[in-house]
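Q: Mind looking over this structure? Questions follow.
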Amino acid sequence: MSTSSVSPILTALYNRDPDEARRLARAAPLLTIWEAAALGADERLCALLREQPALVNAYAPDGFTALGLAAFFAPAATVAHLLAAGADVGVAARNPMQVQALHAAVASRNADAVRLLLEAGADVNGRQQAGYTP
Numbered sequence: 000m001s002t003s004s005v006s007p008i009l010t011a012l013y014n015r016d017p018d019e020a021r022r023l024a025r026a027a028p029l030l031t032i033w034e035a036a037a038l039g040a041d042e043r044l045c046a047l048l049r050e051q052p053a054l055v056n057a058y059a060p061d062g063f064t065a066l067g068l069a070a071f072f073a074p075a076a077t078v079a080h081l082l083a084a085g086a087d088v089g090v091a092a093r094n095p096m097q098v099q100a101l102h103a104a105v106a107s108r109n110a111d112a113v114r115l116l117l118e119a120g121a122d123v124n125g126r127q128q129a130g131y132t133p
């Protein structure tokens, strides 16, 4: 995973600086699907999904999906929008972490997102790096 391919907005979130991420988002011309998902910018997220439905399961340059990012950073409502658009709960990140959305939701203690993901069929025994399960 190349850190140079990660957007400044996502970098701010990864560095636990949501205020900086929101500041950067206000200055950004248009959020990507991954930025919108991570920020819980549901209006932009839904617009992107209407325009390009295949984005729902697309991978960011650092290997995460919009669903995985939303499950970790955003409110459960954002996760619900992605699930309604057909996001696949079973895909793993294409990076060394290999996390699925359920791993992300559990790690961030997003109980409402965990519930939504389980209701959508997420595998409670799904493994990420080193064989960890949610």
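Numbering-wise, numbering that gives the first Met the number 0 puts 121 at position 122 of the sequence shown, and it's gapless, one number per residue. Where a beta carbon is used, it is the ideal one built from N, C-alpha and C, also for glycine.
Using C-beta distances below 7 Å, list every residue in its chain close to Leu-82, excluding the 5 sequence neighbours before and after it, in chain order.
A: Residue mapping note: residue 82 aligns to position 83 of the sequence shown, counting from 1. Here the set comprises Leu-115, Ala-119.
Q: Runs of 3 residues minimum, wholly inside the region 40-93: which ones carry the beta strand (DSSP E) assignment?
A: Listed in chain order, nothing qualifies, since the region 40-93 has no complete beta strand (DSSP E) run of 3 or more residues.
Q: Rounded to the nearest angstrom, how far is the Cβ of His-80 from that of Asp-41, given a contact under 8 Å?
A: Locating residue 80 in the sequence shown gives position 81, counting from the first residue. Locating residue 41 in the sequence shown gives position 42, counting from the first residue. About 6 Å; that satisfies the 8 Å criterion.
Q: Could you tell me the boundaries of the alpha helix (DSSP H) in which Pro-28 lies?
A: Taking the sequence shown and counting its residues from 1, the one referred to as residue 28 is at position 29. That residue, Pro-28, is in no alpha helix (DSSP H); it is neither H nor E in DSSP.
Q: Considering only their Cβ atoms, is the gap separating Thr-77 from Ala-84 smaller than 8 Å?
A: Within the sequence shown, residue 84 is the residue found at index 85, counting from 1. Within the sequence shown, residue 77 is the residue found at index 78, counting from 1. No, the Cβ-Cβ distance between Ala-84 and Thr-77 is not below 8 Å.
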